[in-house]
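> Take the sequence shown: its position 21, counting from 1, is numbered 21 in UniProt numbering, and each next residue is one higher.
Quick reminder that beta carbons are idealized off the backbone N, C-alpha and C, glycines included.
For reference, the structure I am asking about is given below.
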Amino acid sequence: MRTYTREVGSVILQMVYGYSTEQFKKDPLLAMMTKVMEDFTRSAAPGAFLIDSFPALRFVPEWFPGAGWKKLAKQMAVELRDAVEKPYAFVESQIAEGKNSFSYLSRLMESSGNTPEDIHNNKWTAASLYSGGSDTTVAAIAAFFLAMTMFPDVQKKAQAEIDRVVGSERLPTLDDHDSLPYVDALVKEVLRWHPIGPMGLPHTSSEETTYEGYRIPKGAMLMPNIWWFTHDPAVYKDPMDFRPERHIEDHGCKPEPDPRKMAFGFGRRICPGKILAENSMFLNIAQSLAVFNIIKKVVDGKVIETKAEFQPGVISHPAHFEASIKPRSPQYEKLIRSIEQTFPWQESDSKFLERKED
Numbered sequence: 001m002r003t004y005t006r007e008v009g010s011v012i013l014q015m016v017y018g019y020s021t022e023q024f025k026k027d028p029l030l031a032m033m034t035k036v037m038e039d040f041t042r043s044a045a046p047g048a049f050l051i052d053s054f055p056a057l058r059f060v061p062e063w064f065p066g067a068g069w070k071k072l073a074k075q076m077a078v079e080l081r082d083a084v085e086k087p088y089a090f091v092e093s094q095i096a097e098g099k100n101s102f103s104y105l106s107r108l109m110e111s112s113g114n115t116p117e118d119i120h121n122n123k124w125t126a127a128s129l130y131s132g133g134s135d136t137t138v139a140a141i142a143a144f145f146l147a148m149t150m151f152p153d154v155q156k157k158a159q160a161e162i163d164r165v166v167g168s169e170r171l172p173t174l175d176d177h178d179s180l181p182y183v184d185a186l187v188k189e190v191l192r193w194h195p196i197g198p199m200g201l202p203h204t205s206s207e208e209t210t211y212e213g214y215r216i217p218k219g220a221m222l223m224p225n226i227w228w229f230t231h232d233p234a235v236y237k238d239p240m241d242f243r244p245e246r247h248i249e250d251h252g253c254k255p256e257p258d259p260r261k262m263a264f265g266f267g268r269r270i271c272p273g274k275i276l277a278e279n280s281m282f283l284n285i286a287q288s289l290a291v292f293n294i295i296k297k298v299v300d301g302k303v304i305e306t307k308a309e310f311q312p313g314v315i316s317h318p319a320h321f322e323a324s325i326k327p328r329s330p331q332y333e334k335l336i337r338s339i340e341q342t343f344p345w346q347e348s349d350s351k352f353l354e355r356k357e358d
């Protein structure tokens, strides 16, 4: 999944900061952002540190047994600050030199004020766009590839629909969305089968309340069990099965509830990048199915079986699995290579970060 991690991260960095990553070697900004996201995923999981269970530990010194998280938190704070400040400095420098590409942050900086509050808000809203859209999309795409190795009939149905609607001379685009109902249903099923935020994000109640007889005190931590919402057998028939058909109206039978209403959060806290994430998932999945066959890997004549196993965390990725991903035919391989020539990788902006380090 390294290729998809790089692709997703590069797209978001380009959109948010107008920053182009390295194509072949390690990119410093992408590596920095990836590290921060990995730290966040691990540390934000409930119970990751003793302080989650014993809040009084926040009062003890770093050397106290069980307080090692304090030193780690300081290190993570430095890394987070760099991940916020350095790309902001890049955009600021590009604007000053008249070299800036169109991006979310450059547009924001040009249209907002220059007060300390404006600068603070600009930095952190830009950083939140990256943090909210990078690792989540990668986790969803990884779940898609796992599902395709486990449910090959689903893959064949989706490929047949793409072949019929799009043909073999080009890749699917967002303009094809409404003409590819099975692929759209497949995207929904990926989000239902493995919600990438199985327990959502932790929130605390702003005031005491009562819900269905349960007293919820002010300051209590609340976590929605999104995994159960999308696997409740009273709502989804055979919830462990991967069946895109459940999201398609058939002979007057209503489709099962749209999992996107749960997978992206709720109310005012719903993911602001929901539409971007849905479009990104559709393009990645439809284009991958158009040109690749995704099957179980064979080593020395033995098929490596895959299982629906997932890692714990605020953002849950599939556990390590192996698959064989190859072009469906020489014609599709040629199509893949032609796309690379039509849309060549832009020159990297990593020199700016290297210059700042010096």
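Along the chain, where does the beta strand (DSSP E) that runs through residue 324 open and close?
For this step, residue 324 is matched to residue 324 along the sequence shown. Residue 324 -> beta strand (DSSP E) spans 323-327.
> By alpha-carbon positions, which one of 172, 186, 80 and 142 ends up nearest to residue 8?
The sequence position of residue 8 within the sequence shown is 8, counting from 1. 142 is the residue among 172, 186, 80 and 142 whose C-alpha sits nearest the C-alpha of residue 8.
> List the whole-angstrom C-beta distance separating residue 290 from residue 171, where the pair is believed to meet the contact cut-off of C-beta under 8 Å.
Along the sequence shown, one-based indexing puts residue 290 at 290. Along the sequence shown, one-based indexing puts residue 171 at 171. Yes, they are in contact, since the Cβ atoms of residue 290 and residue 171 sit about 6 Å apart, within 8 Å.
> Mark residue 214 as exposed unless 16 or more other C-beta atoms lie within 10 angstroms of its C-beta, in which case mark it buried.
Position 214 of the sequence shown, counted from the first residue, corresponds to residue 214. Counting Cβ neighbours within 10 Å, residue 214 comes out exposed, since fewer than 16 surround it.
> Taking all protein chains shown into account, decide if residue 322 is buried (16 or more other Cβ within 10 angstroms of its Cβ) or exposed.
Taking the sequence shown and counting its residues from 1, one reaches residue 322 at position 322. Burial call: exposed.
> Is the segment 139-155 in contact with the segment 117-127, if contact means three or more CB pairs nearer than 8 Å?
Contact between the segment 139-155 and the segment 117-127 is absent, because fewer than three Cβ pairs lie under 8 Å.
> Thinking C-beta only, is residue 89 closer than 7 Å to residue 105?
On the sequence shown, residue 105 is found 105 positions in, with the first residue counted as 1. On the sequence shown, residue 89 is found 89 positions in, with the first residue counted as 1. The answer is no: Cβ separation not under 7 Å.
> Beta strand (DSSP E) containing residue 343: first to last residue?
As a working mapping, residue 343 is identified with position 343 in the sequence shown. From DSSP, residue 343 is part of no beta strand (DSSP E); its letter is neither H nor E.
> Cβ-heavy atom distance between residue 300 and the ligand FAD below 6 Å?
Inclusion of the ligand FAD in the displayed structure is not the case, the ligand content being empty and no account of it being possible.
> Is it the case that the segment 154-163 contacts the segment 223-235, given that we only count it when at least three CB pairs across the two stretches are under 8 Å?
Not touching, per the Cβ criterion.
> Under the three-state reduction of DSSP, which class applies to residue 171: helix, strand or coil?
Numbered from its first residue, the sequence shown carries residue 171 at position 171. Three-state result, residue 171: coil.
> Are the segment 197-206 and the segment 255-269 touching, with three or more C-beta to C-beta distances below 8 Å?
yes
> In angstroms with no decimal places, state the Cα-to-Cα distance between residue 341 and residue 12.
The residue given as residue 341 occupies position 341 in the sequence shown. The residue given as residue 12 occupies position 12 in the sequence shown. C-alpha separation (whole angstroms): 22 Å.
> Could you check what DSSP says for residue 162 in three-state terms: helix, strand or coil?
One-based indexing of the sequence shown puts residue 162 at position 162. In this structure, residue 162 counts as helix in the three-state DSSP scheme.
> Based on Cα-Cα distance, which residue from 193, 328, 111 and 29 lies nearest to residue 84?
On the sequence shown, residue 84 is found 84 positions in, with the first residue counted as 1. Of the listed residues, the one whose Cα sits closest to residue 84 is 29.
> Relative to the C-alpha of residue 249, which candidate in 308, 182, 209 and 43 has its C-alpha closest?
Numbered from 1 along the sequence shown, position 249 holds the residue referred to as residue 249. Taking only the C-alpha atoms, the option nearest residue 249 is 182.
> Between residue 242 and residue 278, is the Cβ-Cβ spacing less than 7 Å?
Taking the first residue of the sequence shown as 1, we reach residue 242 at position 242. Taking the first residue of the sequence shown as 1, we reach residue 278 at position 278. It is not a contact, given that the beta carbons lie outside the stated cut-off.
> For residue 262, count neighbouring Cβ atoms within 10 angstroms of its own Cβ and tell me buried if that reaches 16, exposed if not.
The residue given as residue 262 occupies position 262 in the sequence shown. Residue 262 should be labelled buried.
> If I'm right that residue 295 touches residue 152 with Cβ under 8 Å, what's the distance once you round it to whole angstroms?
The count along the sequence shown starts at 1 and reaches residue 295 at position 295. The count along the sequence shown starts at 1 and reaches residue 152 at position 152. With 8 Å as the limit, residue 295 and residue 152 qualify as a contact, their Cβ atoms being about 7 Å apart.
> Within this structure, are the beta carbons of residue 20 and residue 349 separated by less than 7 Å?
Along the sequence shown, read from residue 1 onward, the residue named residue 20 stands at position 20. Along the sequence shown, read from residue 1 onward, the residue named residue 349 stands at position 349. Closer than 7 Å, so yes.
> Could you tell me the distance, in whole angstroms, from the CA atom of residue 260 to the CA atom of residue 61?
Reading the sequence shown from its first residue, position 260 is the one you call residue 260. Reading the sequence shown from its first residue, position 61 is the one you call residue 61. Those two C-alpha atoms are separated by around 44 Å.
> With a 10 Å radius around its C-beta and 16 neighbouring C-beta atoms as the bar for buried, classify residue 17 as buried or exposed.
The residue given as residue 17 occupies position 17 in the sequence shown. Burial call: buried.
> In whole angstroms, what separates the C-alpha of residue 177 from that of residue 109?
In the sequence shown, residue 177 corresponds to position 177, counting from 1. In the sequence shown, residue 109 corresponds to position 109, counting from 1. One C-alpha to the other measures close to 34 Å.
> Taking the CB atoms as reference points, tell me whether residue 256 and residue 236 lie closer together than 7 Å.
As a working note, residue 256 is residue 256 in the sequence shown. As a working note, residue 236 is residue 236 in the sequence shown. Contact flag set, yes.
> Taking only three categories from DSSP, how would you classify residue 90?
Working through the sequence shown from its first residue, we reach residue 90 at position 90. Helix, per DSSP.
> Which of the three DSSP states, helix, strand or coil, is assigned to residue 195?
In the sequence shown, the residue the question calls residue 195 occupies position 195. Three-state DSSP puts residue 195 in coil, outside helix and strand.
> Among the residues of its own chain, which have a CB less than 7 Å from the CB of residue 293, if the five just before and after it don't count?
For the purposes of this step, residue 293 is taken as the residue at position 293 of the sequence shown. 326 and 328, listed in sequence order.
> Look at the Cβ atom of residue 244, then the Cβ atom of residue 185, and state whether they are nearer than 7 Å.
Translated into the one-based positions of the sequence shown, residue 244 becomes position 244. Translated into the one-based positions of the sequence shown, residue 185 becomes position 185. Going by C-beta atoms, residue 244 is nearer than 7 Å to residue 185.
> I'd like the list of long-range same chain contacts for residue 169, defined as Cβ closer than 8 Å, with 5 residues on each side in sequence excluded.
Residue numbering aside, residue 169 sits at position 169 when the sequence shown is read from its first letter. Cβ neighbours of residue 169 beyond the five flanking positions: 335.
> So is residue 24 buried or exposed if we call it buried at 16+ other beta carbons inside 10 Å?
Translated into positions along the sequence shown, residue 24 becomes position 24. Residue 24 comes out exposed.
> Enumerate in chain order the residues of its own chain whose CB-to-CB distance from residue 339 is below 8 Å, with the five nearest sequence positions on each side excluded.
For the purposes of this step, residue 339 is taken as the residue at position 339 of the sequence shown. Once the five neighbours on either side are set aside, the close Cβ partners of residue 339 are 171.
> In the DSSP assignment, the beta strand (DSSP E) including residue 59 goes from what residue to what residue?
Here residue 59 refers to the residue found at position 59 of the sequence shown. Element bounds for residue 59: n/a, residue is neither H nor E.
> Is it buried or exposed, residue 112, if we count other Cβ atoms within 10 angstroms and call 16 or more buried?
The sequence position of residue 112 within the sequence shown is 112, counting from 1. So residue 112 counts as exposed.
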